[in-house]
Amino acid sequence: MEQLKSELCEILEVSDLPVDLPFENLPEWDSLNALSIISLLDSYGIQMSAEQLEKFPSITDFINYVFANKSSR
Amino acid sequence: MNLRFEGARIVGIQLVLPRREITFDSEIDDYSFTPQQSAKLKQVMGYDRRRVVKDGVTSSDLVVEGIKALRESGQLDPESLDALIVVTQTPDYLIPGTSYIIHNKLGLHQDMLCLDINQGCAGFIVGLTTAFSLLNQRGFKRVALVNVDVVSRLVAEGDRNSRPIIGDAAAITIVESSHLTEPIYGNLKVDGARWDALMIPAGGMKIRPSAETAVSVADTNGNTRALDNLIMKGDAVFNFVMQEVPSMIEALMHDNNFDLSSVDSFLFHQPNPFMLRKLASKLGVPLEKMPIDLVRKYGNSSGVTIPAVLCTEFDVSYFRDPKWICMAGFGVGLTWGSLLMQISDLSFVNVMEI
Chain A
0 MEQLKSELCE
10 ILEVSDLPVD
20 LPFENLPEWD
30 SLNALSIISL
40 LDSYGIQMSA
50 EQLEKFPSIT
60 DFINYVFANK
70 SSR
Chain B
0 MNLRFEGARI
10 VGIQLVLPRR
20 EITFDSEIDD
30 YSFTPQQSAK
40 LKQVMGYDRR
50 RVVKDGVTSS
60 DLVVEGIKAL
70 RESGQLDPES
80 LDALIVVTQT
90 PDYLIPGTSY
100 IIHNKLGLHQ
110 DMLCLDINQG
120 CAGFIVGLTT
130 AFSLLNQRGF
140 KRVALVNVDV
150 VSRLVAEGDR
160 NSRPIIGDAA
170 AITIVESSHL
180 TEPIYGNLKV
190 DGARWDALMI
200 PAGGMKIRPS
210 AETAVSVADT
220 NGNTRALDNL
230 IMKGDAVFNF
240 VMQEVPSMIE
250 ALMHDNNFDL
260 SSVDSFLFHQ
270 PNPFMLRKLA
280 SKLGVPLEKM
290 PIDLVRKYGN
300 SSGVTIPAVL
310 CTEFDVSYFR
320 DPKWICMAGF
330 GVGLTWGSLL
340 MQISDLSFVN
350 VMEI
């Protein structure tokens, strides 16, 4: 889980992940961030659209989803 | 479906690039990216320079200049062509096909086949597959495969996802029958259920172009487009490529008892460096064997990118000794296909600018 968090920090270019917020509420959120996260998910064996990604009520919910559904790594 | 061809070879390839170069920096104000976003897009997605036609230049214009240059240099006698296959998504007219316009402008002979195929990013694979199939019929000895697109004319100015990487180009690939070559292996797949991942809504018979289809509308990602413009679902295309392309290449190798490490070069369609890096890493292919930066220098010219990579990254001397080349195209349809073939002793590999 720490690994995923640090990967997300790197993509979002933040040192502290605002885990209570949805992705869309991040100040620098854009479609390249979405694509980078979709690309990261590929390595967890998960496919997701940008729309699905933005629907998670918070980043914590997203992280929980990834751990419940990941198939490899 | 799996494919196997015998008795065909590529003779030479002529790439035609518009001389007009547009830089991302010069358009940066159109897109309202922050400076940090722009820097990242340049680095990761290859937003940099692209080649586009001047206003009014059509697909046939690029192709005719390219074939004329081949005729003038003595590298092709157009009278020897038995077929002209034109793969394009940007025809000069709805009717007739662009192959007939080119046939007329070049004054080609009547004893041949003209064929138009509407394909995009898999267009080189689909076009070569068609050319190789024709060459199985004894009447066809030499085929010109043309890949051409001027999609820059159909991308909205406010489309910040697509416009900064769209380029125009044409490639003329001469293919002929031969008794000396190794078999050519390939595979092709289609999923029509995802037809709307890449499309232009208006302009055909379903939605005729009108004042309304020209009205730009903003989406939630900072893009503005009209129904007359190209629209691509970037995330859907990304997921499609990552899901289908590595397994396609693995099947191509496995089904033909070929080792991935024996491939000399991987010439893949060039959507952007980001996706190609990811593909290379998933396949375990070193980047020295897979060019990924065509988009950065010339833009993504859909079906032209594979011959464009070949012509801009390699020359005739590279192919003096036979080389095993693995090509892959993937996009509109959705279609994905690949070919594994030996290329050797090319007569020409040209890049011309007009």
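Taken in sequence, the protein lines are chains A and B. The letter at position 36 of the first sequence is residue 35 when you use numbering that gives the first Met the number 0, and the numbering goes up by one with no holes. The letter at position 247 of the second sequence is residue 246 when you use numbering that gives the first Met the number 0, and the numbering goes up by one with no holes. All C-beta atoms in this analysis are idealised placements derived from N, C-alpha and C, irrespective of residue type, glycine included. Just so you know, these numbers come straight off a predicted model, no measurement behind them.
- At a cut-off of 9 Å between C-beta atoms, residue 27/A counts as an interface residue with respect to chain B.
- From the listed residues 33/B, 46/B, 8/B, 50/B, the smallest Cα separation to residue 18/B is found for 50/B.
- For residue 139/B, DSSP records no beta bridge to any residue.
- Residue 128/B and residue 44/B have their C-alpha atoms spaced approximately 30 Å apart.
- Assignment of beta strand (DSSP E) within the segment 95–154 of chain B, counting only whole runs of 3 or more residues, yields 112–116, 141–148 in chain order.
- Between the segment 287–300 of chain B and the segment 24–38 of chain B there are fewer than three inter-stretch CB-CB distances shorter than 8 Å, so the stretches are not counted as touching.
- The segment 58–78 of chain B and the segment 175–195 of chain B do not touch, with fewer than three beta-carbon pairs separated by less than 8 Å.
- For residue 330/B, the enclosing beta strand (DSSP E) stretches over residues 322–330.
- Put simply, the CB of residue 39/B is near chain A, with a gap under 9 Å to one of its CB atoms.
- Legend: CB atoms of the segment 203–231 of chain B lying less than 7 Å from CB atoms of chain A belong to residues 220.
- Residue 67/B sits in a helix when the DSSP states are folded into three classes.
- Residues of the segment 28–57 of chain A whose Cβ lies closer than 7 Å to any Cβ of chain B, in chain order: 29, 30, 31, 33, 34, 37, 38, 41, 46, 48, 49.
- Between the segment 130–147 of chain B and the segment 202–219 of chain B, the count of C-beta pairs closer than 8 Å stays below three; the two stretches do not touch.
- For residue 62/A and residue 14/A, the gap between their C-alpha atoms comes out near 17 Å.
- In the DSSP assignment, residue 46/B falls outside any beta strand (DSSP E), carrying neither H nor E.
- For residue 250/B and residue 323/B, the gap between their C-alpha atoms comes out near 17 Å.
- For the pair residue 123/B and residue 334/B, the CB atoms are not nearer than the 9 Å cut-off.
- In this structure, DSSP gives residue 188/B an extended state, which the three-state scheme calls strand.
- Interface with chain A (9 Å Cβ-Cβ cutoff): residue 281/B is included.
- Not a single CB atom of chain B sits nearer than 9 Å to the CB of residue 9/A.
- Contact note: residue 135/B does not reach chain A at a C-beta cutoff of 9 Å; the least C-beta distance is about 39 Å.
- At least one CB atom of chain B sits nearer than 9 Å to the CB of residue 12/A.
- Here residue 66/A is exposed: its Cβ has fewer than 16 other Cβ atoms, across all protein chains shown, within 10 Å.
- Taking all protein chains in view, the Cβ of residue 178/B is surrounded by fewer than 16 other Cβ atoms within 10 Å, so the residue is classified as exposed.
- Between residue 113/B and residue 96/B a beta carbon distance of about 7 Å is seen, short of the 8 Å cut, so the two are scored as contacting.
- By the beta-carbon neighbour count (other beta carbons within 10 angstroms, threshold 16), residue 172/B is buried.
- For residue 8/B, the enclosing beta strand (DSSP E) has its first and last residue at 7–16.
- Judged by their CB atoms, residue 348/B and residue 308/B are not nearer to each other than the 9 Å cut-off.
- Annotated three-state conformation of residue 336/B is strand, per DSSP.
- Taking a Cβ-Cβ threshold of 8 Å, none of the residues of chain A is close to residue 188/B; the smallest such distance is about 17 Å.
- When the five nearest sequence neighbours on each side are left out, the beta carbons in the same chain lying within less than 8 Å of the beta carbon of residue 258/B are those of 252, in order along the chain.
- A direct Cα-Cα distance of roughly 10 Å separates residue 351/B from residue 311/B.
- When the beta-carbon positions are compared, residue 238/B and residue 47/A come within less than 9 Å of each other.
- Annotated three-state conformation of residue 5/A is helix, per DSSP.
- The beta-carbon distance between residue 224/B and residue 121/B, rounded to whole angstroms, is 23 Å. This is too long to meet the 8 Å contact definition.
- Counting along the chain, the unbroken beta strand (DSSP E) around residue 267/B starts and ends at 264–267.
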